[in-house]
């Protein structure tokens, strides 16, 4: 109850106001954007004066104000969705199934639907603004000489524009899921909001123009093939008739109308630009540094102080901002550092330092545990330890994770010696194979291309595999190198022999009854989709590593500063723990980067609006960790020999002292 | 080659220029540094034992500068007919819009006439605009190589065998960039000297080791930045190009200066063609461009040792001082020329800089309140002149020597006790390039007093200098000479602020005979404390 109350104050007092401020700015910025759109959409090279005067009269007309109010409503809605859907820890889909699950999630469905509708609304405003042939859905026409008087015909240009708006709105929402557009990342460099916005604006304009182009391409293809359906439906519901004297738009020649393409593109760009600006402003506002008081003189404010705030878990943004503040204060403000190193007034306990360091250390050791667990899981190919890591998996759950006990036993047995001569295994194998339709893949298993993955999986994923490995020749005896290398590389697999009770003779036996074992198409399909996306498991491990980076920076800077600023020596008492935690983490990170399928270099990021900085967090963490240890060793130097630690850690630290890491 | 500073003479000047009193009195004493060391053998041997022999010699003949160009390999292959589309795509990829237009305009036989004519027109327009732009900023007419030579801290960069030198900030390890575009790493504690070569490592203008790291070396190259990760325990002499991170940004070429933040993961890089200062987060290979109007580029960067500020010089008469917490900047316009070089005092409170075309050193003092934008922090309002190195004649036993002139670069030793000033000189006028050394004192008040000159063998001139950040007994200045030699000039002194326990017993070198007693009082510049 208290914690919910505590989280409330921050969301209520800070986050909401920041969101409101960002929305207000986006509404303000809508004005110039709309004016620019009006100018560009009605652009005519040969009548500049007419063009300007038309634009001016349109901008000042009452109907334009109405559509502007509509646009404001859309922007506010987008801002609201940003606030509602943002996250500081990206959800990373480790397999394609999981990604599909994210896309089909009801919450996401609402998001897509609303964005679709908003896309239509914006497109209507655009159609209205452009005017001319786009202005309204129906137009009077004379269908036949026989019919009396004019009747209403469908204006297909208007319809195409509306449908394009809906399509772009939907694809915005969809792309947002795939590229984690709701992920809010924090920057290494602090800059003022205005400067950050100014720096990002060209990129946003470029991204929206490019994205609109791609969307337009897809939309036109779709309309070319499926365009008749919405047209017929609209005609039927609204009782409009189709003007037969005008060619319908779903033909190549009429879709290649340059003016139409230009108007569709500029409307799409306008739509995406306003939304992207809203997203950008929200990100900039919400990640702004918040300075928490280190200690408070009044007890009622105590829950707003850094040591209290940093230990909470909800909301995540609060923890992130608190750790960011810690990292910044440890680097930049000596006066606040002094407060951290101070003792409590009655009693003389270093409560603040204890709370801060304990929280940072627990974060770091959590990460170490997670990495070790992942390493063990990978080492046993996702088999033995999968249950124990179950508590650690965060984002995805294997949708069909139940494995029969026989299958489980089977998958647990990496006994290479037993694999070789067991003729009786054929029958056991085939009986088990039927129950193995749902093999266990934890989120952290590497993909199945690994030569050490379970042969059962390899068989099920047949079509993807090179045929040489698939053929009956693969049957254990003829592929000894796999068997020999398996235990050598993954020595951790031996412990499964201790706790598991391996049946005498499992293993990838020759499969004589190919027809019987041949998986159905659906199973194969699902299996392929359940493959791990490359690197995704590694990214998922480090998805929230921004907090670890700040914890490392904060701790190391505080420890380094304590060399000269800590008057009471309170940091000395925790120095051995800090060093051992850092060194353990260093070891775990080193091991993680030696795993296959973890690239050692960050890839190049695209210039789309989706923030993919979470993909490179592990590299940032690795470098920050090393720098943190070096910062401590460089400050303390030889004094570290006096710190108690295990011989292994001392050896490791000696490497750091000699700059050999 | 292994003789210690054998050819180095230290010319002691007691008073160079008493600028404030406008009285110019010179008394010089010439000694041979080698002899002087032998006069104090005990200390000498101790130093020699500690400092491994890192005297290097790179004769220019041994380095084959390859005149490789990007498209030079084209001539080795037979001409082969590609479609216009392929060629245009290639031109777009290689040289961007202007390349594409050029390609289309050149192949007028294959394209429709209107396309050829219009692309020629657009090309002409582009050239006209760019010529207009370069009339505003004349440096843009230079080629990349010329630009690097112009803005590099190395004197006569294009003629140099050694184009860059960097001491590791924490260990006795150094990296040397040579004119054949390779970088060699010397570590006295290991027998291997790794040679770094990379396809993109061309015309190296600067290099710097990452602080708080054993292995990362940033190299400013022709059109990118390379960050090498040289494993100190590896025995490989040719680290593969996979060990290098390539950081490039469109329009950011040539890179003429790099600087690591002293306590963080950030790296800043500058290019005279790019108006933006790039701040890299190297671990994730992302950069934030910091655009500011004016200047036309960034030529030289220097990060203050406490990490709070960055000096960014531009090709025009303007430089900026960035504050690194919120990345706001302060403009320093209305100089006579562009800022040529600058250096920070170890506590980051003082910036000394020199201006092209002038022979004086200016100083700026910053009050230390990080986080507050510089404009509001009550920073300095004007730069003060602290030293004048205009040409003058010294009477030495060898005859008269002309010294002084424009300043190429500045270096301040990590303790803030010695300032080395690289004076360009003028060979035609009989003024050789040389290095003048000043004694400095930072607290309680800033003082500058002359110490001496460093000269090389006859006929050689210093090209590049850097203080060794890990010298125990005072300061050690590493100088790269025009003949390809690299020597180390030690300055042994008792630190005024905190006496070094390791050198407690040994006296400072007996200065030369006939030294006036009031030597220390003859300061060149003293800050007035109000």
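Residue numbers (the numbering used here), protein chains in the order written: chain P, 1 to 661; chain R, 662 to 1191. Built from N, CA and C at the ideal position, the CB exists for glycine as well.
Limits of the beta strand (DSSP E) - the one that residue i falls within
i: residue 1009 of chain R; result: From DSSP, residue 1009 of chain R is part of no beta strand (DSSP E); its letter is neither H nor E.
i: residue 1100 of chain R; result: 1095-1102
i: residue 658 of chain R; result: Any property of residue 658 of chain R remains undetermined from this structure, which presents chain R solely from 662 to 1191.
i: residue 869 of chain R; result: 867-870
i: residue 1146 of chain R; result: 1146-1153
Neighbour-count burial assignment, residue i, 16 or more Cβ in a 10 Å radius
i: residue 1017 of chain R; result: buried
i: residue 1003 of chain R; result: buried
i: residue 198 of chain P; result: exposed
i: residue 933 of chain R; result: buried
i: residue 988 of chain R; result: buried
i: residue 345 of chain P; result: exposed
i: residue 957 of chain R; result: buried
i: residue 176 of chain P; result: buried
i: residue 924 of chain R; result: buried
i: residue 1137 of chain R; result: buried
i: residue 50 of chain P; result: exposed
i: residue 269 of chain P; result: buried
i: residue 217 of chain P; result: exposed
i: residue 952 of chain R; result: exposed
Euclidean distance between Cα positions of residue i and residue j
i: residue 237 of chain P; j: residue 169 of chain P; result: 23 Å
i: residue 837 of chain R; j: residue 1142 of chain R; result: 13 Å
i: residue 818 of chain R; j: residue 811 of chain R; result: 8 Å
i: residue 1009 of chain R; j: residue 966 of chain R; result: 6 Å
i: residue 541 of chain P; j: residue 893 of chain R; result: 29 Å
i: residue 18 of chain P; j: residue 77 of chain P; result: 16 Å
i: residue 654 of chain P; j: residue 978 of chain R; result: 49 Å
i: residue 992 of chain R; j: residue 954 of chain R; result: 10 Å
Other residues of its chain near residue i: CB distance less than 8 Å, five sequence neighbours each side excluded
i: residue 658 of chain P; result: none
i: residue 234 of chain P; result: 137, 154, 159, 240
i: residue 58 of chain P; result: 38, 42, 64, 129, 131
Proximal residues to residue i (C-beta, below 7 Å), its chain only, five neighbours per side dropped
i: residue 291 of chain P; result: 325
i: residue 905 of chain R; result: 859, 887, 888, 889
i: residue 806 of chain R; result: 819, 864
i: residue 1087 of chain R; result: 1066
i: residue 322 of chain P; result: 292, 306, 309, 310
Interface partners of residue i on chain P, CB under 7 Å
i: residue 832 of chain R; result: 659
i: residue 1148 of chain R; result: Those do not exist, as residue 1148 of chain R stays about 25 Å from chain P at its closest Cβ, beyond 7 Å.
Extent of the continuous alpha helix (DSSP H) run through residue i
i: residue 13 of chain P; result: First-last for residue 13 of chain P: undefined, no H or E at that position.
i: residue 1049 of chain R; result: First-last for residue 1049 of chain R: 1045-1049, but that is the beta strand (DSSP E), not the alpha helix (DSSP H).
i: residue 662 of chain P; result: This structure gives no information on residue 662 of chain P, because the portion of chain P shown stretches from 1 to 661.
i: residue 112 of chain P; result: 106-130
Beta-carbon proximity list for residue i, same chain, < 6 Å, skipping 5 on both sides
i: residue 574 of chain P; result: 357
i: residue 52 of chain P; result: none
i: residue 652 of chain P; result: 583
i: residue 367 of chain P; result: 548
i: residue 495 of chain P; result: A caution first: residue 495 of chain P carries a pLDDT of 37, below 50, which makes its placement in the model too unreliable to give a value.
i: residue 1069 of chain R; result: 816, 1083, 1085
i: residue 588 of chain P; result: 368, 371, 372
i: residue 592 of chain P; result: 371
i: residue 848 of chain R; result: 834
Chain-ordered chain P contacts of residue i [CB-CB under 8 Å]
i: residue 949 of chain R; result: 187, 189, 191, 199
Interface residues of chain P facing residue i [CB-CB closer than 9 Å]
i: residue 970 of chain R; result: Correct list: empty, because the minimum Cβ distance to chain P is about 13 Å.
i: residue 906 of chain R; result: 601, 602
i: residue 940 of chain R; result: 188, 189
i: residue 1193 of chain R; result: Residue 1193 of chain R is absent from the structure shown; chain R starts at 662 and stops at 1191.
Contacts that residue i makes with chain R (C-beta to C-beta distance below 9 Å)
i: residue 631 of chain P; result: 873, 924
Contacts that residue i makes with chain R (C-beta to C-beta distance below 8 Å)
i: residue 634 of chain P; result: 831, 873
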